[in-house]
Structures are given as structure tokens and as C-alpha cells.
Amino acid sequence: MDELKEQRLKKLKELTEQGVNPYGGRFDRRDSAAACREEYREEKKVSVAGRLTAIRGHGKTVFADLRDSSGKIQLYLRRDTLGEDNFANLKLLDLGDIVGVRGSLFTTRKGEISVMVREIILLSKALQPLPEKWHGLKDQEIRYRRRYLDLIVNEEVKELFRKRSRIIREIRLFLEERGFLEVETPMMQPLPGGAAARPFQTFYTALNTKMYLRIAPELYLKRLLVGGFEKVFELNRSFRNEGLSRKHNPEFTMLEIYEAYGDCRTMMELVESMIIHLAEQVCGTLQLNQGDTVVNLERPWKRIRYRDLINGYLKTTDWFSNSTAEMAEVAGRLDLEVSPAMSAVEITHEIYEKCVEPGLIQPTFVLELPAELVPLARRSEGDPGVVDVFELVINGFELAPGYSELNDPIEQRRRFQEQESRPPPAGTEERGGEKIDEDFLTALETGMPPAGGTGIGIDRLVMILTGANSIRDVILFPQLRPKTDT
RNA sequence: GGGGGCGUAGCUCAGAUGGUAGAGCAACGGCCUUUUAAGCCGUGGGUCGAAGGUUCGAAUCCUUUCGCCCUCACCA
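In short: position in the first sequence from 1, add 859, done, that's this note's numbering.
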């Protein structure tokens, strides 16, 4: 049935009978594959370890490729240097086995730096075959479900995740250099807040209470502003119990930053310089390819009011003086689904999200959103109908909202109540995100300094910086439907 | 949840109008002492995602179902 595995098990048995442990322990490797090539010296003694990814037999000689995390090095194994028995045992090795070798470097006739192997030690016998060496692994499902195979075979995937790691490291460096403190706040919360999304629920037996996985860390970070930490950030997972898509994974990495005494503009400046810094450090360019378009991160990024975007798109100057019925009619003509229950703000936002936002390819800060949409932000001085916020849009999707944070506890309570009284959208009976967090309000009553805050979807940021077109390509183990059978 | 596409050997893929499943790589046996997608000779390998139906006959047509991809909805 499973013929390939049977054959490998047979080899494993044979090795065991010869006294070879097919799952060896420590192997002191002094050299990486890359080091063998970069620090090449004829006859240099090396010891390297890694996975066999190609074996080319030539009678009394064998060439093999050994791959470690630094790259690939060719092995050259000869019967006259290994001895007859050891050489014969090479037949018991398979593609995918992990071995350690000792030998010395030389260059072949074709100019390939190789290890003349004197000793080869099996460190781990692979019982599963590797995907095809030339075409690699393309099957999306296997690539996501068995990411290790994807990583073994597709070098560019490995490189992308290295890049992700560097991006996250650079974010920490960037913020720490500017005096921000990294903190960790609860992922399990009695009340999920800071956003409007359906939460995941769990139960904490010891306290006999329902808990939620956080949908955002916001309300806890603000408590820290109250506590006197003036510049904080948290870079970690949040969870939302919503649908999967190219842009959504139920657990995703979010960076939230708060700066006391700042506002939405200080945050805009911070976000702009940080993303540019990341692109320079990690991509080495500000021109980022996204499929067939190019995102140009060069300053200055566009800043435009929500109102002006809408008016501009609809080629009018006074969209907001329309009645709700008139708005609904225009939206209908744009092929948008509008229900009679929708308010003017909701209809307008529908137009924004479906028609305007997707067209914002170059970095754009959208300013002054309607207050109803953002319950945790401060109202604008001149216009109480809008809040002092930005929404950074790149490549047609929202990357980072930022606010001048609301620090008025009385106003905050009113906004929470307003939000609570709105009927939840159909099919979302269990939300929990709309219960009022009294403990948070008490914190605000204690006095929170004015502050600027922002949240950046790190997965989406990585998508832009790597040109990936699905969030699944930037998450090592993206959520898929669990599979019970194989 | 709606719409569309896909699912054939371990991997990458062929399989017009229905006629009883193929290639390359991988595997196995043999030859080969500087190859590198090594080469040459030979061999094995399939519940054609699953179940049901139409038919003399189904990978192919129909229905149901599972999974993945795209898209819409939900997701401030």
C-alpha cells in the first residue's frame, strides 16, 4: 500500500541490524553550507550537517546535495575514501535523510565547491518522501497544511518568513529607540473590547467564568497610560471569530502603539516613518511590487479627508447634504446593497469601503471619519460630527487606523451606550464586544492623559512588504478547516 | 452562507466527442570514479477526493458530499 514508506522502513531495519542508530544525537558541526563556500580553502577540513536533497550515483562515486538553513553544499563520496562497507551503505540513504559529514573541501572540474567526504553519519532517517525536486510543491493545500514541506522545498517561502521575522525585529528596534516600552496585556479577557468583532469564547474552570480571547489589546494599553506608562506598544496576537479570506485570518498579529500627550498627527508621523524605515531596512527599496502594480512609499504620503474622498468619488461637493433616501438611491445605482434600516453614515461608509478604498493604492491617510464609526476616538475640534483619526490605506486595504484617543470618561460612557443600543447585524447574536467595560471607564475616570494611538495589522504589513497576495502566505500555519482523515 | 474553479501515482502534470489510465521526477534492480534537473537499460506503483446514479461501458455525463483556491456576504 504505502510502498515508498515500506521501502524506507526496510532500510531502517537493515541499518539498525548493522548497529547504526538511524536517529542519532548531537553532531558537532563547525561549518554551515554557506560558510563552506564563502570561506573556501582547498583541503580545508569541515564538518557540516543537513538534509540530503539530491543524490547522484556514479558507480564507485556518489554526488549528493546537502542543504542546511544557510544553503546548499555538494558532497562527493568515493568508495576508495569511505571504504567498501561504508560506501555500500550509502544505498540505505534516501532523499530527505538528515546526515552529518566530515571531510575536506575541494573544487570539482565543473567548478563546484564540494566536500570530499571521509565520514558520513545518519542523524535522522526520513520515512516520508520529499516532493519533487524540480517543480517543487505547488499544491496550496499541502503547502499550508504541511508547511514544513513547503519550507524544505520552496526556498522563497523560507526567505519570506525570514523577512517577516526581520520586519518584526526592526519594529521593536524602531520603537524602543524612540522610548517606547513593549508590554504584554491579557489575551484572555472577561470582556472583549477595543473593536467590534465577534470574539472566541472559552471557559475558565478555576474561576467558573466565561472568558474571551481578545479582539484587541486597546483597553488594557490605555489602562497603562492611566498608570503612567507614557509610551507603550504591544506586538502580539488578537483573535476574531469571523470569516476567512485573503485578508483575514482568525488569529492575526497586531501592533498597537500609544503615546501620551500625542495625538492622531504624531501617530501618523510615527507610522509613516516606521513603515518607510522597515521598507528601507528589509526590502532595500521604497518601490514595492504588488502583482502588476507598484506601491511607492516615498514621502510625503497623501492626506485627505474622508468627506473630500467621498465627494471626489461621487463628483459632487455636497454629498453630505443629501437625505438618507437620496444617498440610498445613489448607492443603489453603484450596485451596492443598501437596506432601508441603514443610516446616512452607514450608506456613505458602504460607498467608501466598496468603491473608494479599493482604489487607494498609494499610501493614503484618510482623515476625519464620522464619529459613529469610531467609538474610542476624540471628536474633532471644529466639527463634532467627525473624529480626529486617520485610517492608513495602502494597496486598497486598511492597514492601520490611528486616533487622538478619547480620554473623557463621560463622553466615553455615552459613546459605549450609543454603540450598545445599536442593533447588532444579523447573524451575530453572540457578540460580547458591546457590553460596557466598567473597569475601563473607572480607569478613565482616574485620569488618562491625552494620547495618540494606532494599531497596525502586521500580517497585512508583511503582505505589502513582501508582495504576498494572501494573508495565508505570510502566516506559517494559516487557519484551514481541520481534516480528520488523511 | 451564495456564486465560480479545481481535486488523476509520493510530487509536477497529460488524459477531444464516454471505450476500461499515461509521462517526467521520486522509488526498486542493473551499468557508470568530477556529476549537478547527471546519463543509459529494466521493474513496480492508481478505489482518477468520497458516495450514489445514467450507460453494454464512466477519470470523462448527472446528483449528493468532503477539501482547497477565487469571489461575494459577514468582518467599523
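Positions of the beta carbon are idealized from the N, C-alpha and C atoms, including for glycine.
According to the neighbour-count rule (16 or more other Cβ atoms, all chains shown, within 10 Å of its Cβ), is R1099 buried or exposed? buried
Indicate whether R910 and G955 have their beta-carbon atoms separated by less than 8 Å. yes
Cβ contact check for the region 1137-1155 and the region 1178-1196: 3 or more pairs under 8 Å: no
Continuous alpha helix (DSSP H) stretch holding P1268: start and end: P1268 -> alpha helix (DSSP H) spans P1268 to S1280.
Could you name the residues of the same chain whose beta carbon sits closer than 8 Å to that of A1190, not counting the 5 residues immediately before and after it, in chain order? V1197, I1206, E1209 and I1210
Buried or exposed: G962, going by 16 or more other Cβ atoms within 10 Å of its Cβ? buried
Looking at the structure shown, is D1151 part of a helix, part of a strand, or coil, going by DSSP? coil
Segments assigned alpha helix (DSSP H), at least 4 residues, entirely inside the region 1025-1109: 1077-1086
Find the nearest neighbour of G1261 within the set G1314, L952, R1272 and A1302, judged by alpha-carbon distance. Per the C-alpha coordinates, the member of G1314, L952, R1272 and A1302 positioned closest to G1261 is G1314.
How about A1075 and M1047: do their beta carbons lie closer than 8 Å? Not in contact: A1075 and M1047 (Cβ atoms no closer than 8 Å).
From this set, D890, E898, D953 and N880, which residue's C-alpha is nearest G916's C-alpha? D953
Under the three-state reduction of DSSP, which class applies to M860: helix, strand or coil? Only weak support exists for where M860 lies, its pLDDT of 49 falling under 50; the coordinates are left without a value.
How many Å lie between L1129 and N1067 at the Cα? One alpha carbon belongs to L1129, the other to N1067, and they sit about 43 Å apart.
Work out the CA separation of L1040 and S1097 for me, nearest whole Å. 19 Å
Apart from the five residues just before and just after Q1276, which ones in its own chain have a Cβ nearer than 8 Å to its Cβ? So the qualifying residues of the chain are I1295.
Using DSSP bridges, identify the partner residues of G1314. E1115
What do you reckon, are the CB atoms on W1160 and I1169 nearer than 8 Å? no
For the ligand PLP, is there a heavy atom less than 7 Å away from the beta-carbon of D924? As presented, the structure is devoid of all ligands, the ligand PLP included, so that no description of it is given.
Pair every Cβ in the region 1335-1342 with every Cβ in the region 1126-1140, then say whether three or more of these pairs are closer than 8 Å. no
In chain order, each alpha helix (DSSP H) run of at least 4 residues that lies wholly inside the region 941-1004: Complete alpha helix (DSSP H) runs here, min 4: 943-948 and 999-1004.
Where P1284 sits in the DSSP three-state scheme: Confidence is the limiting factor: at P1284 the pLDDT is only 47, short of 50, which leaves the residue's position unreliable and the question unanswerable from this model.
Over what stretch of residues does the beta strand (DSSP E) that includes D927 continue unbroken? T920 to D927
In the DSSP assignment, find the beta strand (DSSP E) that holds F1224 and state where it starts and stops. T1223 to L1226
Cβ neighbours of I957 in the same chain (closer than 6 Å, five flanking residues each side left out): R910, L982 and S983
V1204 versus A1230: straight-line alpha-carbon distance, rounded: Answer to the nearest angstrom: the Cα atoms are 9 Å apart.
Do you know how far the Cα of G1150 is from the Cα of A947? 50 Å
To which residues does DSSP link Y1262 through a beta bridge? V1248 and G1312
Collapsed DSSP secondary structure at S1182 in the structure displayed: In the structure shown, the three-state DSSP call for S1182 is coil.
Can you tell me whether DSSP reads K904 as helix, strand or coil? strand
Does A913 come out as helix, strand or coil in the three-state DSSP assignment? strand
Cβ contact check for the region 963-973 and the region 895-905: 3 or more pairs under 8 Å: yes
Just to confirm, are N1108 and I972 a CB contact at a threshold of 8 Å? Not in contact: N1108 and I972 (Cβ atoms no closer than 8 Å).
Where G1291 and R896 are concerned, what is the direct C-alpha to C-alpha distance, given to the nearest angstrom? At G1291, the pLDDT of 46 sits below 50, so the modelled position is not reliable and the matter cannot be decided from this model.
So what's L934 in DSSP terms, helix, strand or just coil? strand
Any 3 or more C-beta pairs closer than 8 Å across the region 1057-1071 and the region 990-1006: no
Within 10 Å of its beta-carbon, does T1305 have 16 or more other beta-carbons around it, so buried, or fewer, so exposed? Residue environment: T1305 is assigned as exposed (fewer than 16 neighbouring CB atoms within 10 Å of its CB, all protein chains considered).
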